[in-house]
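Numbers 90 to 352, taken from the working numbering, label the letters of the sequence shown in order.
From the three backbone atoms N, C-alpha and C, an ideal C-beta is built for every residue, glycine too.
Following: one structure in structure tokens, then a few remarks.
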Amino acid sequence: MRTTLATLQKLVDNNEKFTVLTCYDAIFAGILKNAGVDVLLVGDSLGNVLHGESTTLSVTLDDMIYHTRCVARGADKAFIMTDMPFGSYQVSPEQAFENAARIIAAGAHMVKIEGGQIMVDTVQFLTQRGIPVCAHIGLTPQSVHQLGGYKLQGNSEESAKQLLDDAKNLEKAGASLLVMEVVPAKLAKKITHALTIPTIGIGAGVDCSAQVLVLHDMLGLYSGKKPRFVKDFMAGANSIQEAVANYVVAVKTGQFPGQEHEF
Ligand code: KIV
90 MRTTLATLQK LVDNNEKFTV LTCYDAIFAG ILKNAGVDVL LVGDSLGNVL
140 HGESTTLSVT LDDMIYHTRC VARGADKAFI MTDMPFGSYQ VSPEQAFENA
190 ARIIAAGAHM VKIEGGQIMV DTVQFLTQRG IPVCAHIGLT PQSVHQLGGY
240 KLQGNSEESA KQLLDDAKNL EKAGASLLVM EVVPAKLAKK ITHALTIPTI
290 GIGAGVDCSA QVLVLHDMLG LYSGKKPRFV KDFMAGANSI QEAVANYVVA
340 VKTGQFPGQE HEF
């Protein structure tokens, strides 16, 4: 059966967690779907893991469309969410709609955009015109130069309040999901409880409605230092299928993330 936004909301309303992993090609789309991953995220992290770049900033709309098509061909019943790349949605809601429409036409069921209050009008514009949106706050990698690096967000009283307000306003504007990246677990819990839409954490503690990791990271394929919030699910697994299935069980039972993965 196809996973839909309604399926995800129902899981969360029943206090069940769901799982998200990044995915960039057809083979992995089939593996992840068969292992029970609920949402495949065609993340602009492909700039890092496929292109070898140190940021996501050079990823193009054509890149995202190409990889969305690959994933859609590999798993026809999967729920596919695709990142809008840097520069493809920040100019105006109209620019965002034109580009999001191309991503949806390529096979995505939802787009993800980074940013808080500044994205509220865009979220409203897209959702009123039939394009579901996942908002993404906290550490937003497309703003890495403004943030001064990949670091913890929402760790002062003022910035925590800003993130809470952003989350509420994005939900009000029509966002159906919210990614929170690298924020204190306590804050992520507070935000999750303040919203009715599901939250998806990465480095945001166990109390989010769902978890996401970059596929290559959870398969132990990172180059350089392993981020605190990553667990290598290949360690002890006999196959990629088993590692992914273990991730699904660990998230659904609340065993991942552990305290050692949170801030
Ligand atoms: O691009 C990506 O992989 C992401 C996740 C890290 C949430 O946005």
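Out of Ala167, Asp210 and Gly163, state which residue places its alpha-carbon closest to the alpha-carbon of tyrosine 178.
-> Stepping through the sequence shown from its first residue, residue 178 is reached at position 89. It is Asp210 whose Cα lies nearest to the Cα of tyrosine 178.
Is it the case that the CB of threonine 111 approaches a heavy atom of the ligand KIV more closely than 8 Å?
-> Taking the first residue of the sequence shown as 1, we reach residue 111 at position 22. Indeed, a heavy atom of the ligand KIV lies less than 8 Å from the Cβ.
Rounded straight-line distance, which links the Cα of asparagine 137 to that of glutamate 260 = The count along the sequence shown starts at 1 and reaches residue 260 at position 171. The count along the sequence shown starts at 1 and reaches residue 137 at position 48. About 29 Å.
Could you please give the first and the last residue of the uninterrupted alpha helix (DSSP H) stretch that includes glycine 163?
-> One-based indexing of the sequence shown puts residue 163 at position 74. From DSSP, the alpha helix (DSSP H) with glycine 163 extends over 150-163.
Backbone CA spacing between alanine 334 and threonine 144 [nearest angstrom] | As a position in the sequence shown, residue 334 is number 245, starting the count at 1. As a position in the sequence shown, residue 144 is number 55, starting the count at 1. Each residue's alpha carbon lies about 29 Å from the other.
Check whether the Cβ of valine 81 sits closer than 8 Å to any heavy atom of the ligand KIV, and report yes or no.
-> Residue 81 lies beyond the stretch modelled for the chain, which goes from 90 to 352, so this question has no answer here.
Whose CA, out of Ala185, His225 and Gln213, lies closest to the CA of glycine 292?
-> Along the sequence shown, one-based indexing puts residue 292 at 203. Of the candidates Ala185, His225 and Gln213, the one whose C-alpha sits nearest the C-alpha of glycine 292 is His225.
Look at the alpha carbon of isoleucine 207 and the alpha carbon of alanine 326, and state the distance between them as a whole number of angstroms.
-> If you number the sequence shown from 1, residue 207 lands on position 118. If you number the sequence shown from 1, residue 326 lands on position 237. C-alpha separation (whole angstroms): 43 Å.
Contact check, alanine 256 vs threonine 229, beta carbons under 9 Å | One-based indexing of the sequence shown puts residue 256 at position 167. One-based indexing of the sequence shown puts residue 229 at position 140. No; because the gap between Cβ atoms is not below 9 Å, this pair is not in contact.
Determine the contact status of aspartate 165 and leucine 130, defining contact as a CB-CB distance below 9 Å.
-> Residue numbering aside, residue 165 sits at position 76 when the sequence shown is read from its first letter. Residue numbering aside, residue 130 sits at position 41 when the sequence shown is read from its first letter. Contact: no.
Can you grab the Cα-Cα spacing for the pair leucine 308 / methionine 269, in whole Å?
-> For the purposes of this step, residue 308 is taken as residue 219 along the sequence shown, with counting starting at 1. For the purposes of this step, residue 269 is taken as residue 180 along the sequence shown, with counting starting at 1. The alpha-carbon atoms of leucine 308 and methionine 269 are separated by roughly 22 Å.
Exposed or buried, which one is serine 298 when buried takes at least 16 other CB atoms within 10 Å?
-> Within the sequence shown, residue 298 is the residue found at index 209, counting from 1. It is buried - the Cβ of serine 298 has at least 16 other Cβ atoms within 10 Å.
Taking only the alpha-carbon atoms, compute the straight-line gap between lysine 278 and valine 295 and give it to the nearest angstrom.
-> Taking the sequence shown and counting its residues from 1, the one referred to as residue 278 is at position 189. Taking the sequence shown and counting its residues from 1, the one referred to as residue 295 is at position 206. Taking the straight line from one Cα to the other gives about 8 Å.
What distance in whole Å lies between the Cβ atoms of leucine 304 and threonine 111, which are believed to be in contact at a cut-off of 8 Å?
-> For the purposes of this step, residue 111 is taken as the residue at position 22 of the sequence shown. For the purposes of this step, residue 304 is taken as the residue at position 215 of the sequence shown. Indeed, because the Cβ distance is near 5 Å, the residues count as touching under 8 Å.
What's the C-alpha gap between leucine 135 and glutamate 331?
-> Position 46 of the sequence shown, counted from the start, is the residue given in the question as residue 135. Position 242 of the sequence shown, counted from the start, is the residue given in the question as residue 331. Roughly 23 Å separates the two Cα atoms.
Check whether the Cβ atoms of leucine 139 and proline 174 lie closer than 9 Å to each other.
-> For the purposes of this step, residue 139 is taken as residue 50 along the sequence shown, with counting starting at 1. For the purposes of this step, residue 174 is taken as residue 85 along the sequence shown, with counting starting at 1. No, the pair does not count as a contact, with Cβ atoms beyond the cut-off.
Along the chain, where does the beta strand (DSSP E) that runs through histidine 225 open and close?
-> Numbered from 1 along the sequence shown, position 136 holds the residue referred to as residue 225. Taken as a continuous stretch (DSSP letters only), the beta strand (DSSP E) holding histidine 225 covers 222-227.
Integer Cβ distance of alanine 161 from isoleucine 154, believed to fall under 8 Å | As a working mapping, residue 161 is identified with position 72 in the sequence shown. As a working mapping, residue 154 is identified with position 65 in the sequence shown. With 8 Å as the limit, alanine 161 and isoleucine 154 do not qualify as a contact, their Cβ atoms being about 10 Å apart.
Rounded straight-line distance, which links the Cα of leucine 276 to that of valine 337 | Here residue 337 refers to the residue found at position 248 when the sequence shown is read from its first residue. Here residue 276 refers to the residue found at position 187 when the sequence shown is read from its first residue. The alpha-carbon atoms of valine 337 and leucine 276 are separated by roughly 24 Å.
Please say whether isoleucine 280 and leucine 266 have beta carbons closer to each other than 9 Å?
-> Walking along the sequence shown from the start, residue 266 turns up at place 177. Walking along the sequence shown from the start, residue 280 turns up at place 191. Not closer than 9 Å, so no.
Say the cut is 8 Å; is the CB of isoleucine 291 nearer than that to a heavy atom of the ligand KIV?
-> For the purposes of this step, residue 291 is identified with residue 202 of the sequence shown, where counting begins at 1. It does: the Cβ of isoleucine 291 is within 8 Å (strictly closer) of some heavy atom of the ligand KIV.
Thinking C-beta only, is leucine 302 closer than 9 Å to lysine 315?
-> As a working mapping, residue 315 is identified with position 226 in the sequence shown. As a working mapping, residue 302 is identified with position 213 in the sequence shown. Against a cut-off of 9 Å, the Cβ pair of leucine 302 and lysine 315 comes out as no contact.
With 16 other CB atoms within 10 Å as the buried threshold, where does glutamate 105 fall?
-> Counting from one through the sequence shown, the residue named residue 105 turns up at place 16. Exposed, because fewer than 16 other Cβ atoms sit within 10 Å of the Cβ of glutamate 105.
So alanine 185 and leucine 215 are in contact, right, with Cβ under 8 Å, and what is the actual spacing, rounded?
-> Position 96 of the sequence shown holds residue 185. Position 126 of the sequence shown holds residue 215. With a Cβ gap of about 6 Å, alanine 185 and leucine 215 count as contacting.
Kindly indicate which three-state DSSP category lysine 99 falls into: helix, strand or coil?
-> Residue numbering aside, residue 99 sits at position 10 when the sequence shown is read from its first letter. DSSP places lysine 99 in helix when its eight states are reduced to three.
Taking the alpha-carbon positions, what's the threonine 93 to phenylalanine 322 distance?
-> Taking the sequence shown and counting its residues from 1, the one referred to as residue 93 is at position 4. Taking the sequence shown and counting its residues from 1, the one referred to as residue 322 is at position 233. So the alpha carbons of these two residues sit roughly 26 Å apart.
Any heavy atom of the ligand KIV within a distance shorter than 8 Å of the CB on proline 145?
-> On the sequence shown, residue 145 is found 56 positions in, with the first residue counted as 1. Looking at the sequence itself, residue 145 is threonine, so the reference to proline does not match. Threonine 145: yes, Cβ under 8 Å from the ligand KIV.
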